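Q:
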Amino acid sequence: MKDLSEEAEEMLEPVEETAFLEEEESPSPGIPAEGNIPLCMRSFINSMFPVLLVDKELRILFTNRACANLFTNYCTLVGNYFTDIFGKALGIEAMKEMLLHIRTGKQGYSWKGFVKTKRRDAGSLETKLYLFPALLNKEEPEQFIILFDDVTEENKKILQSIYASLLEASKLKDNDTGKHIMRVNYYSSRLARELYNKPGYEEVDRDFIEDIGFLASMHDVGKIGTPDDILNKEGPLEEWEWTIMKEHTKNGAFILSTYPNPMARDIALNHHERWDGTGYPFQLEGTMIPLAARIVTIADVYDALRMKRTYKPAYDHLTAVRKMAEWRGKHFDPHLFDVFYAIHEEFNRIFEENKDPPL
37 MKDLSEEAEE MLEPVEETAF LEEEESPSPG IPAEGNIPLC MRSFINSMFP VLLVDKELRI
97 LFTNRACANL FTNYCTLVGN YFTDIFGKAL GIEAMKEMLL HIRTGKQGYS WKGFVKTKRR
157 DAGSLETKLY LFPALLNKEE PEQFIILFDD VTEENKKILQ SIYASLLEAS KLKDNDTGKH
217 IMRVNYYSSR LARELYNKPG YEEVDRDFIE DIGFLASMHD VGKIGTPDDI LNKEGPLEEW
277 EWTIMKEHTK NGAFILSTYP NPMARDIALN HHERWDGTGY PFQLEGTMIP LAARIVTIAD
337 VYDALRMKRT YKPAYDHLTA VRKMAEWRGK HFDPHLFDVF YAIHEEFNRI FEENKDPPL
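Under my numbering, the first residue of the sequence shown is numbered 37, with each subsequent residue one higher.
(1) Hey, could you find the ends of the alpha helix (DSSP H) Asp185 is sitting in?
(2) Mind the definition here: the stretch 214 to 231 touches the stretch 262 to 278 only if three or more C-beta pairs lie below 8 Å; say whether that holds.
(3) What is the rounded straight-line gap between the Cα of Glu204 and the Cα of Phe98?
(4) Using 8 Å as the threshold, is the stretch 353 to 363 in touch with the stretch 259 to 269, meaning 3 or more CB pairs across them?
(5) Between the C-alpha atoms of Asn287 and Arg385, what's the straight-line distance to the nearest angstrom?
(6) What would DSSP say about Asp120, mapped onto helix, strand or coil?
(7) Taking all protein chains shown into account, decide if Leu231 is buried (16 or more other Cβ within 10 angstroms of its Cβ) or exposed.
(8) Take Trp278 and list the residues in its own chain whose beta-carbon comes closer than 7 Å to its own, dropping the five residues that flank it on each side.
(9) Can you tell me whether Trp311 is helix, strand or coil according to DSSP?
(10) Cβ atoms of Lys152 and Tyr166: under 8 Å apart, would you say?
(11) Pick from Ile81, Leu136, Gln143 and Ser225: whose alpha carbon is nearest that of Glu93?
(12) Would you say the stretch 182 to 200 touches the stretch 153 to 164, given that touching needs at least three Cβ pairs under 8 Å?
(13) Please indicate yes or no: does the CB of Ala252 lie closer than 7 Å to some heavy atom of the ligand ADP?
(14) Leaving out five residues on either side along the sequence, give the residues of the same chain with a beta carbon under 6 Å from the beta carbon of Pro393.
(15) So, with DSSP's three-state summary, where would you put Asp392?
(16) Taking C-alpha atoms, which residue in Phe85, Ile182 and Gly141 lies nearest to Asp91?
(17) Could you pull out every residue in the same chain whose Cβ sits closer than 8 Å to the Cβ of Ala102, ignoring the five residues on either side in sequence?
(18) Would Ala329 and Asp302 be called neighbours here (beta carbons separated by less than 8 Å)?
(19) Along the chain, which unbroken stretches of the beta strand (DSSP E) at least 3 residues long are found entirely within the stretch 76 to 140?
(20) Report buried or exposed for Ser201, applying the criterion of at least 16 other Cβ atoms within 10 angstroms of its Cβ.
(21) Take Leu227 and list the residues in its own chain whose beta-carbon comes closer than 8 Å to its own, dropping the five residues that flank it on each side.
(22) Is the beta carbon of Phe244 less than 8 Å from the beta carbon of Gln196?
(23) Given 8 Å as the limit, is there contact between the stretch 360 to 372 and the stretch 305 to 313, that is, 3 or more CB pairs closer than that?
(24) Give the single residue among Val337, Leu113, Met343 and Phe150 whose Cα lies nearest to the Cα of Leu126.
(25) Which residues in the same chain have their Cβ closer than 7 Å to the Cβ of Pro68, if we skip the five residues on either side of it in sequence?
(26) Give every residue of the same chain whose Cβ lies closer than 7 Å to the Cβ of Trp321, excluding the five residues on either side of it in the sequence, and list them in chain order.
(27) Please return the same chain residues whose Cβ sits closer than 7 Å to the Cβ of Ala300, not counting the five positions on each side in sequence.
(28) Taking C-alpha atoms, which residue in Thr262, Tyr199 and Lys259 lies nearest to Asp247?
(29) Assign Ser79 to buried or exposed, taking buried as 16 or more other Cβ atoms, counted over all protein chains shown, within 10 Å of its Cβ.
(30) Taking C-alpha atoms, which residue in Glu388, Ile260 and Leu305 lies nearest to Lys207?
(31) Assign Phe383 to one of two classes, buried (16 or more other C-beta atoms within 10 Å of its C-beta) or exposed (fewer than that).
(32) If I measure Cβ to Cβ from Thr346 and keep anything under 7 Å in the same chain, skipping five residues before and after, which residues do I get?
(33) Within a Cβ cutoff of 7 Å, which residues of the same chain sit near Ser225, ignoring the five residues on either side of it in sequence?
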C-alpha cells in the first residue's frame, strides 16, 4: 500500500496542461443546469463564497458561480483534478497533510491551507482554502467541499501599509519630496508596462508592473541610516562622506530583506549600479544588474535632473533627455534607454501632472 508521500508525489507528476489557460483564453464556467446540481451544493450556488466540489480522488465535480468567476482568468476547473491545478502551488508537504486528513479522518476529514495562483497576464491570486466533507452523516466521505477565501487585496494592503510607514519615516531624513518618490513609482510602472509585450522581457508580468509601481519608491529607504550632516550637506561631499553616502544601498537592502518580494531588495541595493560596471556598491555590469533596478535607475535619474539641487539647476524635459542620451550604454541599459526614449513624453506628462508645489 502506498504511503501518503508516494501518493502526493504521484498526484503532482501528471499535470494536465489543458487545465491551465493560455493567455486571453476564457474558460466556460462549468456550472450545470439547476436540476443537475448536487444536493449538497444547492445552498452554495448563489453564495458569495467561492466553492467547489471534489470526489475522494480530488477530481473537481462542480463549482458555484463565485468560484468560476474567481478563477475565470486562471484555469478551467470542472473535470480536472484539484491537484493538477493547485498541487504545485500547494507543495508536497501541504499535499501530504491534506491527504492525511482526507484518508484518515483526522480533524473530521477537514483541512485548511493557502494557495497562490498566478498567470502572466492576470497577476497573482492568493486564497485561503478550507476542505470539509460534503455530507457530514457519512463515516467515510466520498465527496468534499472546498471553500476559497480570496485574501489577495487584504494581504497586499497590510504589506504595503507596513512599508509605507517605513517610507514616511525615511522622508524625515531626506530632502527629496514625497512627490519625487511618487513620480519615480509612476515612471517605473510606465516603463515596465512598455516592456510587457516586448520579446526578452518575460519576467515583466502583471505582478511585476504592479510591484515596481510601489517598490520603486523604496529605492532610497536606506538613507534612514545616513547621518543628517552628510545627507543634507550643501555643496559637494568629501571623499569620506561619499563613502558613507554610498552605504545607503546596502542599508536599504538590509531593511527590505524581510519583504517577501525580492524586487524590493534588488532595487534598494542596485539602483546606483551602472550598465558599464562603474556604479556602486558592487560594480555590477550589464544584465548582472536586476531588471527592476535598471528600470528604477532611469526613472530616478530623469526625475533628479528635472529637480533643482544645491549643486545644479532644474533642467527642462528635453535637456534632461539629451543629457541622459549621453549616458546610454554607460549609465543605462541601452535597450531600456531606447524604450524610455520612445515614450519620453510620457515621463514629461507624469512630471508636469505631479509637480512639487512652489516654495
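Virtual Cβ for every residue (Gly too), placed ideally from N, Cα, C.
Bear in mind that the values here come from a model prediction, so they are computed numbers and not experimental data.
A: This is what the structure holds:
(1) Here Asp185 belongs to no alpha helix (DSSP H); instead the beta strand (DSSP E) covers Gln179 to Asp186.
(2) no
(3) 48 Å
(4) Using a C-beta cut-off of 8 Å, the stretch 353 to 363 makes no contact with the stretch 259 to 269, since fewer than three inter-stretch Cβ pairs fall below that distance.
(5) Using only the alpha carbons, I get a separation of about 33 Å.
(6) helix
(7) buried
(8) none
(9) coil
(10) no
(11) Minimum Cα-Cα distance from Glu93 among the listed residues Ile81, Leu136, Gln143 and Ser225 corresponds to Leu136.
(12) yes
(13) No copy of the ligand ADP occurs in the structure displayed, which carries no ligand at all.
(14) none
(15) coil
(16) Checking every option, the nearest Cα to that of Asp91 belongs to Ile182.
(17) In chain order, Ser83, Met84, Phe85, Pro86 and Val87 place their CB closer than 8 Å to the CB of Ala102, counting only its own chain and leaving out the 5 sequence neighbours on each side.
(18) yes
(19) 87 to 91 and 96 to 99
(20) exposed
(21) Ile331, Ile334, Ala335, Leu372, Val375, Phe376 and Ile379
(22) no
(23) yes
(24) Phe150
(25) Because Pro68 sits at a pLDDT of 45, beneath the cut-off of 50, its placement in the model cannot be relied upon, and the point is left open.
(26) Inspection of the sequence shows that residue 321 is occupied by Glu rather than by Trp. The residues are Trp311, Asp312 and Gly313.
(27) Leu251, Met254 and Leu292
(28) Tyr199
(29) exposed
(30) Ile260
(31) Around the C-beta of Phe383, 16 or more other C-beta atoms lie within 10 Å, and the residue is accordingly described as buried.
(32) Glu270 and Gly271
(33) Ile245, Ile248 and Gly249
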